[in-house]
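A short write-up of the structure that comes next.
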Amino acid sequence: GAVVSQHPSRVICKSGTSVKIECRSLDFQATTMFWYRQFPKQSLMLMATSNEGSKATYEQGVEKDKFLINHASLTLSTLTVTSAHPEDSSFYICSAREHPGELFFGEGSRLTVL
Amino acid sequence: AQSVSQHNHHVILSEAASLELGCNYSYGGTVNLFWYVQYPGQHLQLLLKYFSGDPLVKGIKGFEAEFIKSKFSFNLRKPSVQWSDTAEYFCAVWVPGTYKYIFGTGTRLKVLA
């Protein structure tokens, strides 16, 4: 199957700093990528849909100025958590689809904000 | 709004026991259905999917799921689990024509050796 890679897998930062997470589709082109947040013992919460060459579509309740998404190419989307705070600590997962219907997931990025 | 319910949050089984994880969704139209698995320390990967056709779908590692439209269900089954099946299982729904995938809350399965 298609491969989606996320980097970094773990990041620890100080409160107030910004963190960038990359999501790459390694062997296919993804016009659409999805960013999820996974809370402990909870499901994946869709944060936003990243569209290549256009603005991301954010879900209700997700601050677009805090979670900046850029989809500059058909194989790369980035999520930047700006001015991170401890409550932003979470597991962030990206996914992409090669064909309609099936999602391929990245390994996830665990963010810890001190 | 569409939603997906997984009623079993934690399941503990002994090896060789049979498994059935429930998944119900709320949407009256055509849906595509998925089961994803997340092994400890690994990323989510597809177990099986239903788009159309035979409602009994066979996936990897001996898993199968049955789509019952009248019950809005897509339960996951395996006749005999192994210790290596210990993982978290997510049911998901995608409505064709939309960009959204709706995930259930997940079921943590622990198989005792």
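Just so you know, the protein sequences line up as chains S and Z, in that order.
Start counting the first sequence at 3; every next residue gets the next number (my numbering).
Start counting the second sequence at 5; every next residue gets the next number (my numbering).
In this text, a Cβ means the ideal position worked out from N, Cα and C, and glycines have one as well.
Worksheet entry | Below-8 Å beta-carbon distance, SER92(S) vs any chain Z residue | Locating residue 92(S) in the first sequence gives position 90, counting from the first residue. No, SER92(S) does not count as interfacial toward chain Z.
Discussion item. Against chain Z, does GLU104(S) count as a neighbour if the rule is that its beta carbon must be under 8 Å from one of theirs?
Written reply: As a position in the first sequence, residue 104(S) is number 102, starting the count at 1. True, the Cβ-Cβ gap to chain Z drops below 8 Å.
Worksheet entry | Of the listed residues LYS82(Z), TYR105(Z), LYS65(Z), VAL61(Z), nearest to SER22(Z) (C-alpha basis) | Here the question's residue 22(Z) lines up with position 18 in the second sequence. Measuring from the Cα of SER22(Z), the nearest candidate turns out to be LYS82(Z).
Discussion item. Measuring only the C-alpha atoms, how far is LEU25(Z) from GLY18(S)?
Written reply: Position 21 of the second sequence, counted from the first residue, corresponds to residue 25(Z). Position 16 of the first sequence, counted from the first residue, corresponds to residue 18(S). The alpha-carbon atoms of LEU25(Z) and GLY18(S) are separated by roughly 42 Å.
Worksheet entry | Nearest to PRO88(S) (by Cα), restricted to the options SER7(S), GLN8(S), VAL21(S) | The residue labelled residue 88(S) in the question sits at position 86 within the first sequence. PRO88(S) has its Cα closest to that of VAL21(S), out of SER7(S), GLN8(S), VAL21(S).
Item to complete: Return helix, strand or coil for LYS82(Z), following the three-state DSSP convention.
Response: Counted from its first residue, the second sequence places residue 82(Z) at position 78. Strand, per DSSP.
Item to complete: Note down, in chain order, each residue of its chain lying with its Cβ closer than 7 Å to the Cβ of ALA117(Z), except the 5 sequence neighbours on either side.
Response: Residue 117(Z) sits at position 113 when you count from the first residue of the second sequence. So the list reads GLU19, TRP87, once near-sequence residues are dropped.
Worksheet item: For HIS47(Z), which residues in chain S fall below 7 Å Cβ to Cβ?
Response: The residue labelled residue 47(Z) in the question sits at position 43 within the second sequence. What HIS47(Z) touches in chain S: PHE107, GLY108, GLU109, GLY110.
Item to complete: State the Cα-Cα distance for the pair THR90(Z) and ILE64(Z), rounded to the nearest angstrom.
Response: Numbered from its first residue, the second sequence carries residue 90(Z) at position 86. Numbered from its first residue, the second sequence carries residue 64(Z) at position 60. Rounded to whole angstroms, THR90(Z) to ILE64(Z) spans 15 Å at the Cα level.
Practice prompt. At 3 residues or longer, and completely inside the stretch 21-79 of chain Z: list those beta strand (DSSP E) runs for me, N to C.
Written response: 23-25, 28-30, 36-42, 49-54, 60-62, 68-72
Discussion item. For LEU48(S), would you say it is in contact with chain Z, using Cβ-to-Cβ distances shorter than 8 Å as the test?
Written reply: Mapped onto the first sequence, residue 48(S) falls at position 46. LEU48(S) belongs to the set of residues whose beta carbon lies under 8 Å from a beta carbon in chain Z.
Worksheet entry | Cβ-based burial, TYR43(Z) [other Cβ within 10 Å; buried from 16] | Numbered from 1 along the second sequence, position 39 holds the residue referred to as residue 43(Z). Note on TYR43(Z): under 16 other CB atoms within 10 angstroms of its CB, so exposed under the neighbour-count rule.
Worksheet item: Between the C-alpha atoms of GLY110(S) and ARG26(S), what's the straight-line distance to the nearest angstrom?
Response: For the purposes of this step, residue 110(S) is taken as residue 108 along the first sequence, with counting starting at 1. For the purposes of this step, residue 26(S) is taken as residue 24 along the first sequence, with counting starting at 1. In this model, GLY110(S) and ARG26(S) are separated by some 12 Å (Cα to Cα).
Worksheet item: Candidates TYR93(Z), ARG112(Z), TYR103(Z): which alpha carbon is nearest TYR60(S)'s?
Response: The count along the first sequence starts at 1 and reaches residue 60(S) at position 58. It is TYR103(Z).
Discussion item. Spatial neighbours of PRO59(Z) within its chain, please: C-beta separation below 8 Å, excluding the five flanking residues on both sides.
Written reply: For this step, residue 59(Z) is matched to residue 55 along the second sequence. Excluding positions up to five away in sequence, the list reads GLU70, PHE71, ILE72, LYS73.
Practice prompt. Counting only the same chain and skipping the five closest in sequence on each side, list residues whose C-beta sits under 8 Å from that of ASN53(S).
Written response: Here residue 53(S) refers to the residue found at position 51 when the first sequence is read from its first residue. Cβ within range, chain order: THR33, THR34, THR59, HIS73.
Fill in: Same chain only: Cβ atoms within 7 Å of ILE106(Z), ignoring 5 sequence neighbours per side
The residue labelled residue 106(Z) in the question sits at position 102 within the second sequence. For ILE106(Z), where only same-chain residues beyond five positions count, the Cβ hits under 7 Å are GLN6, SER7, VAL8, ALA96, VAL97.
Practice prompt. Leaving out five residues on either side along the sequence, give the residues of the same chain with a beta carbon under 8 Å from the beta carbon of PHE69(S).
Written response: Walking along the first sequence from the start, residue 69(S) turns up at place 67. Excluding sequence neighbours, PHE69(S) sits near TRP37, MET49, ALA50, TYR60, LEU81, THR82, VAL83, THR84.
Worksheet entry | Close Cβ partners of TYR31(Z) (< 7 Å) along its chain, the five nearest in sequence each way excluded | By 1-based counting over the second sequence, the position of residue 31(Z) is 27. Excluding positions up to five away in sequence, the list reads GLN6, VAL97, VAL99.
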